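Notes to accompany the following structure.
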Amino acid sequence: MGGRFVHHFWKLLSEIEIPYITLLDLDSERAKGGWGTIKYIINQLIKNGIPFDDICRGLKQSDLDYMHRWSLNSNDERLNLMAWVQHLESYGVFFSVPLDLDFSMLKAFKEYYQRTVSDGDGPHIPNKESDRDEYTKKMETCIRHTLKESGGNGNSYQDFEKELMLWYPYLFLDRGKPGTHISRNGNAGWFFV
Numbered sequence: 001m002g003g004r005f006v007h008h009f010w011k012l013l014s015e016i017e018i019p020y021i022t023l024l025d026l027d028s029e030r031a032k033g034g035w036g037t038i039k040y041i042i043n044q045l046i047k048n049g050i051p052f053d054d055i056c057r058g059l060k061q062s063d064l065d066y067m068h069r070w071s072l073n074s075n076d077e078r079l080n081l082m083a084w085v086q087h088l089e090s091y092g093v094f095f096s097v098p099l100d101l102d103f104s105m106l107k108a109f110k111e112y113y114q115r116t117v118s119d120g121d122g123p124h125i126p127n128k129e130s131d132r133d134e135y136t137k138k139m140e141t142c143i144r145h146t147l148k149e150s151g152g153n154g155n156s157y158q159d160f161e162k163e164l165m166l167w168y169p170y171l172f173l174d175r176g177k178p179g180t181h182i183s184r185n186g187n188a189g190w191f192f193v
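Residues 1 to 193 in the UniProt record's numbering are what the sequence shown spells out, letter by letter.
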């Protein structure tokens with residue numbers, strides 16, 4: 001299950017005694033994502049009966065209150081975020097890292113997704129070597145489109161992940177996601193919904 005209303009799902013599934021895990025998008029550098037997502041889940045786990053001291057690993061309430069403002073500018077800050085992601089797995093909460101499930105699928109199956117595009121279709125990507133300025137502009141535009149207007153600038157992403165953002169808007173924002181996944185999975189010989 002996923003979504004922003006996990007407490008209600010957790011409560012329902014617990015009451016009817018159905019085991020569950022939770023898969024959410026981490027949405028690093030998107031508005032309310034990254035640290036905001038971690039803070040939200042911690043608060044929902046507390047609301048669901050997990051003691052504050054058990055889940056918060058030495059944090060004070062004031063730290064949690066401002067967690068959504070924590071930075072991802074340094075490598076240490078990004079490693080800290082990933083430590084929290086791993087910590088929350090022990091509570092049955094898993095994240096599509098660093099962005100969302102679509103991005104994770106694109107990372108894992110890049111060539112397959114690119115093969116779903118007919119010749120002459122797909123994103124127009126300037127040559128990285130011979131047209132460096134246009135390539136840089138296209139990259140900045142695609143990063144902005146992927147992370148949304150109120151999101152970050154992509155600095156917490158690795159270079160190869162930024163390059164995937166050249167494809168992400170075309171495959172998942174500008175077209176229908178189900179069609180992209182079905183087309184991709186049809187080519188791979190398996191189906192994902």
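Glycine included, each C-beta is placed from N, C-alpha and C at the ideal position. Predicted model, so just to flag it, every value in this text is computed and none were measured.
If you ignore the 5 residues before and after Val-85, its C-beta comes within less than 8 Å of the C-beta of Leu-26, Ile-38, Phe-95 and Val-97, all in its own chain and listed in chain order. Taking Glu-77 as the centre and dropping the five residues before and after it, the same chain places the C-beta of Ser-71 closer than 6 Å to its C-beta, in chain order. Among the bridge pairs identified by DSSP, Ser-96 is matched with Asp-25.
Bounds of the alpha helix (DSSP H) holding Trp-35 are 35-47. With 16 or more other CB atoms across the displayed protein chains lying within 10 angstroms of its CB, Thr-22 is buried.
In the three-state DSSP reduction, Trp-167 falls in the coil class, being neither helix nor strand. DSSP, reduced to helix, strand and coil, places Gln-158 outside both helices and strands of the structure shown, so it counts as coil. For Asp-174 and Thr-146, the gap between their C-alpha atoms comes out near 11 Å.
Comparing alpha carbon positions, the residue from Asn-155, Trp-10 and Asp-100 closest to Ser-74 is Asn-155. Counting only the Cα atoms, Asp-53 lies some 8 Å from Leu-59.
Of His-7, Ile-55, Leu-81 and Asp-133, the smallest CA-CA separation from Gly-33 is found for Leu-81. Put simply, the region 4-18 does not touch the region 128-140. Fewer than three CB pairs are less than 8 Å apart. Closest by C-alpha distance to Gly-122, out of Asp-65, Ser-104, Arg-144 and Leu-171, is Leu-171.
Short of 6 Å from the beta carbon of Trp-35, and not among the five residues preceding or following it, lie these beta carbons of its own chain, in chain order: Met-67, His-68 and Trp-70. Lys-110 and Leu-164 do touch by the CB rule: their CB atoms are close to 7 Å apart, below 8 Å.
Contact between Ser-28 and Leu-99 holds: CB atoms are separated by about 6 Å, below the 8 Å threshold.
Straight-line measurement puts the Cα of Asp-102 at about 20 Å from the Cα of Val-6.
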